[in-house]
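A.B. asks: Residue numbers (the numbering used here): 2 to 345.
1) So the candidates are 341, 138, 90 and 109; which of them puts its Cα closest to the Cα of residue 205?
2) Compute the Euclidean distance between the alpha carbons of residue 133 and residue 91, then round it to the nearest angstrom.
3) Kindly indicate the opening and closing residues of the alpha helix (DSSP H) around residue 73.
4) Counting only the same chain and skipping the five closest in sequence on each side, list residues whose C-beta sits under 7 angstroms from that of residue 329.
5) On a CA-only basis, which of 289, 296 and 255 is nearest residue 279? Give me that one, please.
6) Can you list, in chain order, the residues of its chain with a C-beta nearer than 8 angstroms to that of residue 213? Leave out the 5 residues immediately preceding and following it.
7) Tell me residue 256's beta-bridge partners as DSSP assigns them.
8) Measure the alpha-carbon distance for residue 73 versus residue 210 and round it to whole angstroms.
9) Assuming residue 172 and residue 117 make a contact with CB atoms under 8 angstroms, what is their CB distance in whole Å?
10) Can you list, in chain order, the residues of its chain with a C-beta nearer than 6 angstroms to that of residue 57? Leave out the 5 residues immediately preceding and following it.
11) Which residues mark the beginning and the end of the beta strand (DSSP E) in which residue 83 is found?
12) Quick one: using the 10 Å Cβ neighbour count with 16 as the cut-off for buried, is residue 178 buried or exposed?
13) What does the Cβ neighbour count give for residue 327, buried or exposed, with the cut at 16 atoms within 10 Å?
14) Can you tell me the Cα-Cα spacing of residue 97 and residue 189, whole angstroms?
15) From the DSSP secondary-structure annotation, give me the bridge partner or partners of residue 109.
16) Classify residue 335: buried if its beta carbon has 16 or more other beta carbons within 10 angstroms, exposed otherwise.
17) So what does residue 307 bridge to, in DSSP terms?
18) Does the separation of the CB atoms of residue 325 and residue 81 fall below 7 angstroms?
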């Protein structure tokens with residue numbers, strides 16, 4: 002038994018999950034939630050038999066795609082739900098981490114929680130933020146114009162940047178370089194634009210404090226914690242954002258992997274082998290947590306990692322859909338169709 006497993010099972014360290022959260026009562030402490038070799042996969046009312054297996058303590062392992070109480074999935078704000086139900090959340094997490102050596106966390110919308118704005122609406126917001134922070138800019142520059150330039154530059158970065166093994170990823174560095182050249186003809190605004198991006202994100206995101214506490218606890222018990230992000234921001238910028246939001250985040254993590262640096266992504270599935278090799282941990286030693294079903298559940302499971310889904314709630318999804326519709330209408334009123342790139 003690993004030292005991390007022993008710490009997780011030590012009753013002196015924490016009460017059993019059933020004592021902390023009543024909805025877990027009757028669930029064996031050895032029944033981790035998302036092992037890839039589970040006996041059953043439960044998605045709503047659908048039960049899919051999988052190859053039979055037992056965990057290291059001899060119990061059959063159950064794979065539950067909805068490990069949290071039902072009201073989590075329909076709440077208007079995961080942040081508010083976590084504030085009210087942090088003990089329940091932490092019990093689920095600790096139960097799923099039994100026997101693991103490395104906790105892998107998605108960053109945006111998992112460890113760092115976003116608000117109700119759609120991605121495209123955030124692009125317009127950060128453009129307006131830049132107008133008040135970076136300059137001097139051409140006199141006729143508008144937030145809408147910057148937003149459209151950003152969208153064009155992002156598409157160009159994804160298309161033109163060299164790939165690796167068939168994988169491609171854009172980078173905000175390319176985007177801001179193109180913006181600077183379009184605005185002032187040279188590189189002088191690149192760093193101010195990147196600094197503005199960091200400041201904007203740090204002001205909008207909120208730390209998932211229950212998840213951060215779990216990461217701190219796991220690391221103190223001898224485990225490793227990594228952050229893995231499919232994002233156009235390089236790891237250095239993600240780290241800077243996280244540090245501004247909570248200095249505890251870099252202290253609670255061993256390493257950060259971004260697809261902007263590695264070119265391999267979670268979507269492609271290739272980054273998981275890279276992380277495993279870098280951390281010196283076998284696939285069975287990982288638990289990954291994230292909001293995207295494909296990138297944070299399906300792909301890590303294909304790499305034989307355990308994965309726990311932390312999805313955007315239906316209430317949040319509705320709010321982002323409404324935000325996107327408002328953004329599309331905002332540009333349509335100005336004679337511009339942005340539906341080819343605007344998304345939630």
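Ideal Cβ placement from N, Cα and C applies to all residues, glycine included.
C.D. replies: Well, looking at it:
1) 109
2) 40 angstroms
3) 71-75
4) 339, 340 and 343
5) 255
6) 112, 247, 249, 250 and 253
7) 227
8) 16 angstroms
9) The pair is not a contact, with the Cβ atoms about 27 angstroms apart (cut-off 8 angstroms).
10) Because residue 57 carries a pLDDT of 48, less than 50, the predicted location of this residue cannot be relied on, and the following value inherits that uncertainty. Hits under 6 angstroms: 100.
11) Not the beta strand (DSSP E): residue 83 falls in the alpha helix (DSSP H), residues 79-85.
12) buried
13) exposed
14) 48 angstroms
15) 113
16) exposed
17) 288
18) no
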